[in-house]
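Residue 1 is where the sequence shown starts when you use UniProt numbering, and the numbers rise one by one after that.
Glycine included, C-beta positions come from ideal geometry on N, C-alpha and C.
Notes for the one structure printed next.
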Amino acid sequence: MGRGVLLTSNLPQLQNLIKRDPVSYKEEFLQQWNHYNSIQQIFKTNPNEQAQHYKELVNFISQVATCYPRETAEFPSQLSSLLLQSYGVLSPDTRKTLVQNLVMLRNKDVISSIELLKSLFPLLPRTSSSSLRSYIRKTILSEIKVANLRSQNHKLNRAVQAMLFGMVERGMSAEVVGDRGKLRAMNTPTNDQDSHHVDEAMWAVILTKELWKKGVWTDAKSVSIIAQGCFHPITKVQSASLYFFLGSEENEDSEDEDDDNVEVKALHHRREINKKTRSVDKKLRKQLKTARKKSHNKGPTLANFSAIELLHDPQTFGEKLYDMLNIYDKRFSLDHKILIMQLLSRVMGSHKLCVLGFYTYIMKYLVYRQLRVPSILVALAQSVHDLTPPDAITPVIRKLAHEFVHPGVASEVIAAGLNAIREVSRRQPWAMEEDLLSDLIEYRKSKDKSVTAAARGLLRLYRDVNPNMLKRRERGKESALGLATGSAPLPYGHSAKAAVDIEGLSLLEDHLQKLREEEGINGEDNESMWRGWDVDSNDSTDSSDEDEWMNVGSDTDNDLVIDDSDDENDEKNDSTEQAEAPKEQSILTPADFALLNDLRLQAAAKAVETTGGSKAKRKLAELEAAAKSCSADQNPQDEFISENDILGPRKKAKADYAERMASIQKGREGRNKFGSYKGKQNKAMPSSSTNREKARNKPMMMMVSSGAVRSKKKASLREKQQKLRAHITRSKKAHH
Numbered sequence: 001m002g003r004g005v006l007l008t009s010n011l012p013q014l015q016n017l018i019k020r021d022p023v024s025y026k027e028e029f030l031q032q033w034n035h036y037n038s039i040q041q042i043f044k045t046n047p048n049e050q051a052q053h054y055k056e057l058v059n060f061i062s063q064v065a066t067c068y069p070r071e072t073a074e075f076p077s078q079l080s081s082l083l084l085q086s087y088g089v090l091s092p093d094t095r096k097t098l099v100q101n102l103v104m105l106r107n108k109d110v111i112s113s114i115e116l117l118k119s120l121f122p123l124l125p126r127t128s129s130s131s132l133r134s135y136i137r138k139t140i141l142s143e144i145k146v147a148n149l150r151s152q153n154h155k156l157n158r159a160v161q162a163m164l165f166g167m168v169e170r171g172m173s174a175e176v177v178g179d180r181g182k183l184r185a186m187n188t189p190t191n192d193q194d195s196h197h198v199d200e201a202m203w204a205v206i207l208t209k210e211l212w213k214k215g216v217w218t219d220a221k222s223v224s225i226i227a228q229g230c231f232h233p234i235t236k237v238q239s240a241s242l243y244f245f246l247g248s249e250e251n252e253d254s255e256d257e258d259d260d261n262v263e264v265k266a267l268h269h270r271r272e273i274n275k276k277t278r279s280v281d282k283k284l285r286k287q288l289k290t291a292r293k294k295s296h297n298k299g300p301t302l303a304n305f306s307a308i309e310l311l312h313d314p315q316t317f318g319e320k321l322y323d324m325l326n327i328y329d330k331r332f333s334l335d336h337k338i339l340i341m342q343l344l345s346r347v348m349g350s351h352k353l354c355v356l357g358f359y360t361y362i363m364k365y366l367v368y369r370q371l372r373v374p375s376i377l378v379a380l381a382q383s384v385h386d387l388t389p390p391d392a393i394t395p396v397i398r399k400l401a402h403e404f405v406h407p408g409v410a411s412e413v414i415a416a417g418l419n420a421i422r423e424v425s426r427r428q429p430w431a432m433e434e435d436l437l438s439d440l441i442e443y444r445k446s447k448d449k450s451v452t453a454a455a456r457g458l459l460r461l462y463r464d465v466n467p468n469m470l471k472r473r474e475r476g477k478e479s480a481l482g483l484a485t486g487s488a489p490l491p492y493g494h495s496a497k498a499a500v501d502i503e504g505l506s507l508l509e510d511h512l513q514k515l516r517e518e519e520g521i522n523g524e525d526n527e528s529m530w531r532g533w534d535v536d537s538n539d540s541t542d543s544s545d546e547d548e549w550m551n552v553g554s555d556t557d558n559d560l561v562i563d564d565s566d567d568e569n570d571e572k573n574d575s576t577e578q579a580e581a582p583k584e585q586s587i588l589t590p591a592d593f594a595l596l597n598d599l600r601l602q603a604a605a606k607a608v609e610t611t612g613g614s615k616a617k618r619k620l621a622e623l624e625a626a627a628k629s630c631s632a633d634q635n636p637q638d639e640f641i642s643e644n645d646i647l648g649p650r651k652k653a654k655a656d657y658a659e660r661m662a663s664i665q666k667g668r669e670g671r672n673k674f675g676s677y678k679g680k681q682n683k684a685m686p687s688s689s690t691n692r693e694k695a696r697n698k699p700m701m702m703m704v705s706s707g708a709v710r711s712k713k714k715a716s717l718r719e720k721q722q723k724l725r726a727h728i729t730r731s732k733k734a735h736h
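Right, dumping it as structure tokens:
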């Protein structure tokens, strides 16, 4: 009894002894377990009573749970239910203790990852402690990352993605409020339930973005979660989802310490005012180092191309974006509408969608006085592709020319309008009208360089894509020669002649045959490899089917004999086709097509070297252009443009006060204050320059009009004699 009383009052010692010998101290553990059950009933009624003792018991049982798995089987579920049901009445220390013990039980493999995550996900939107929220967030991310470290844990990923999708979907039934004017105040949730749904959706989007950024999730299901967030009624969730597809991180959680921006000027100002200690200096140096590292690693913002490509049913996604933009136009601010327009245009350009109502909607923003009009022009240009009907784009080009390209606006506006028209016409050349094109290219004679460059770019574009729309004197030599040879562009909706065979297939067959001969594989072995390609892998099914087949006699057993030479020939032909079937049933892979293109290029280059004819050269040029376009299609970054492509080259803006002072300070680096490199600093003995040294550097005209030179000119013969004698006397004295 003395030992039991001593151990029950000292839980760390009992914990150590149980880990060494669980069987001998099972009675003491059961005593503490019964004590925990009684304390838990009291704690549920009044959480403030015996909270410290309850936390000690929870820590103790979590440490020794692996020693008595049968007795503590319900312990994790009790902690989880207490957190989820009574989270609002628990103290912050108790919440943190329960969460830490749940994580400890997961580390000891007492509970699975799914059970832990089911307990932690509902706590994220409910907790008000930044430290506990950060701890839960890091635990969730690390748990999913470790589970997918060696291979994809599909079971865990499906469960977590289902939870995240449910967190986003729970608040979708609310009304879209918006963030414009008076509605911005209404954007805040009205009750606790709505606030909980908003926080749930926001955390679901943030966690999915983090897992995508770390490369843990790169599948279409995670993209579907954020795509659902693009249509959430709350604009905060919408913006976070839109920024994900646009490749920007501007709307991250403000409480994430890793993403906080460090203000260097504020740090230096705080250092000057506060008390100067070593610890403060060390902390300042660390923050400055972090700020420099972030500014160095900050690169250009690119769109999230892989996520856009993984969208499920992009046509429906684009139509829903347009409907949201059109219906709630009065509720969204301009910045938010531009975000939606940018994403819609990139989806349309990437998947070649036709949402024709978008061009009618965007026309009201095509005014040069419109705020952020370069971003709107970029969205317009990115939405156009070669499958867009020209009839839908022609009114847009007319509106651009009417609003941006006329003598009543500045040269920067004309250049932006011409560049926007060029980018739209590059994607759909048939939307341009001949009369309008002739008027636009006349601006190449402008005195402003940016306008001239934009007009020449439009002219070069139509010389390449459709020189028929240009006048004869504007087509250029190469375009005129191309039209003379009959190489005219195909109209909209027309395609080249359908291919009936794969060009250059014989080259691929010869190449593969040569490889087989080098490896010692004959044609019979190759045919044997194709035999049985359609055999089902399920042997049990085959065996069961074979038992049901009936034995059929040969043709010789039949009484009916038909002697027809045509039928015999047909049978021979059928047998020949069956023998050759394995060769015809071979399927070319993408690697085979890539090899075929390389072989065609090599053959064309060899033909140019041997014959040197114009036909062979044209063939080689066509193959090289096709290979270049194929490589450009594989790089989706070339499909999108930036605001610099619309604005074009601009004059250097006048520097403001801060930039001028920075340039002055940079020029003063390494130079002493009020110092000069002339005179005394470059001599062995410090001294200033003499008057004679200064006189050597004076201008000639200044010296001619000086009093000394004029007095010499006006001096009499007697004065000159006196000066000469005085000079001779001084020279004699100097030699002695």
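In this structure, how does DSSP classify Ala655 when only helix, strand and coil are distinguished?
Assigned with DSSP and collapsed to three states, Ala655 falls in coil, not helix or strand.
Helix, strand or coil for Arg372, going by three-state DSSP, please let me know.
Residue state, collapsed to three classes: coil.
Distance between Asn101 and Trp33 (C-alpha atoms, nearest Å)
Looking at the two C-alpha atoms, the distance is approximately 16 Å.
Which of the three DSSP states is assigned to Lys275 in this structure?
In the structure shown, Lys275 sits in coil (DSSP, three-state: anything other than H, G, I, E or B).
In three-state DSSP terms, what is Pro47?
The three-state secondary structure of Pro47, taken from DSSP, is coil.
Collapsed DSSP secondary structure at Arg696 in the structure displayed
Reduced to three states, the DSSP call for Arg696 is helix.
Coarse secondary structure for Phe121, derived from DSSP in three states:
Phe121: helix per DSSP, three-state reduction.
Taking all protein chains shown into account, decide if Ala708 is buried (16 or more other Cβ within 10 angstroms of its Cβ) or exposed.
By the Cβ neighbour-count rule, Ala708 is exposed, with fewer than 16 other Cβ atoms within 10 Å of its own.
For Asn101, three-class secondary structure by DSSP:
Reduced to three states, the DSSP call for Asn101 is helix.
Using the Cα positions of Pro407 and Leu461, report the straight-line distance between them to the nearest angstrom.
The alpha-carbon atoms of Pro407 and Leu461 are separated by roughly 23 Å.
Note down the Cα distance separating Leu344 from Gln228, rounded to an integer number of angstroms.
Just so you know, the alpha carbons of Leu344 and Gln228 end up roughly 14 Å apart.
Residue range of the alpha helix (DSSP H) that includes Gly357
Taken as a continuous stretch (DSSP letters only), the alpha helix (DSSP H) holding Gly357 covers Gly357 to Ile362.
Whole angstroms are fine: how far does the CA of Gly247 sit from the CA of Asp323?
Near 23 Å, if we compare the C-alpha coordinates of Gly247 and Asp323.
How long is the line joining the alpha carbons of Ile144 and Leu156, rounded to whole angstroms?
Taking the straight line joining both Cα atoms gives about 8 Å.
Would Lys514 be called buried (16 or more neighbouring beta carbons within 10 Å of its own) or exposed?
Residue environment: Lys514 is assigned as exposed (fewer than 16 neighbouring CB atoms within 10 Å of its CB, all protein chains considered).
Can you tell me whether DSSP reads Ile234 as helix, strand or coil?
Correct three-state label for Ile234: coil.
Hey, would you say Arg95 sits closer than 9 Å to Thr127, going by beta carbons?
Yes, they are a contact pair.
When the distance is taken between beta carbons, is Val378 closer than 9 Å to Glu200?
Cβ distance not < 9 Å, so Glu200 and Val378 don't count as in contact.
By how many angstroms is the C-alpha of Arg106 removed from the C-alpha of Glu272?
The C-alpha of Arg106 is placed about 48 Å away from the C-alpha of Glu272.
Leu84 versus Leu116, Pro314, Ala65 and Gln63, residue with shortest Cα-Cα distance
Out of Leu116, Pro314, Ala65 and Gln63, Leu116 has the C-alpha closest to the C-alpha of Leu84.
Burial state of Lys352, where buried means 16 or more other Cβ atoms lie within 10 Å:
Under this definition Lys352 is an exposed residue.
Measuring only the C-alpha atoms, how far is Arg444 from Asn468?
If I take the Cα positions, the gap works out to 19 Å.
Spatial neighbours of Arg600 in its chain, beta-carbon cut-off 8 Å, leaving aside the 5 residues before and after
Residues Glu503, Gly504, Leu507 and Leu623 of the same chain have their beta carbon placed closer than 8 Å to that of Arg600, with the five preceding and five following residues left out of the count.
Helix, strand or coil: how does DSSP classify Asp536 here?
Confidence at Asp536 is low in this model, with a pLDDT of 42, below 50, so its placement is unreliable and the value that follows should be read with caution. Coil, per DSSP.
Could you check the C-alpha separation between Leu647 and Gln382 for me, to the nearest Å?
The straight-line gap from Cα to Cα measures roughly 15 Å.
Ignore the nearest five residues each way along the sequence and tell me which others in Gln370's own chain have a CB closer than 7 Å to its CB.
Within the same chain, and ignoring the five residues on either side of Gln370 in sequence, the residues whose Cβ sits closer than 7 Å to its Cβ are Ile376.
Going by DSSP in three states, Lys108 sits in which element: helix, strand or coil?
Reduced to three states, the DSSP call for Lys108 is coil.
Classification of Leu98 by the beta-carbon crowding that lies within 10 angstroms, buried from 16 upward
Counting every other CB atom within 10 Å of its CB across the protein chains shown gives Leu98 a total of 16 or more, marking it as buried.
From the DSSP output, in three-state form, read off Ala65 for me.
Ala65 falls in the coil class under three-state DSSP.
Among the candidates Glu403, Ile362, His402 and His269, whose CA atom is the shortest distance from the CA of residue 770?
As displayed, the chain neither begins before 1 nor continues past 736, which places residue 770 out of reach and without an answer.
Quick one: give me the first and last residue of the alpha helix (DSSP H) that Leu483 is part of.
Its alpha helix (DSSP H) spans residues Lys477 to Ala484.
Can you say whether Thr290 is buried or exposed, counting buried as having 16 or more other CB atoms within 10 angstroms of its CB?
Exposure of Thr290 is indicated by the presence of fewer than 16 other C-beta atoms within 10 angstroms of its C-beta.
Span separating the alpha-carbon of Leu387 from that of Gly318:
Straight-line Cα distance between these residues: approximately 16 Å.
I think Ile414 touches Phe404, with their Cβ atoms under 8 Å apart; what is that distance to the nearest whole Å?
Contact holds; Cβ gap of about 6 Å.
Expected contact under 8 Å - CB spacing of Arg331 and Gly178 to nearest Å
About 3 Å; that satisfies the 8 Å criterion.
Return the Cβ separation of Leu124 and Arg137 in integer angstroms, given the expectation that the two are a contact with Cβ distance under 8 Å.
Leu124 to Arg137, Cβ: 7 Å. Contact.
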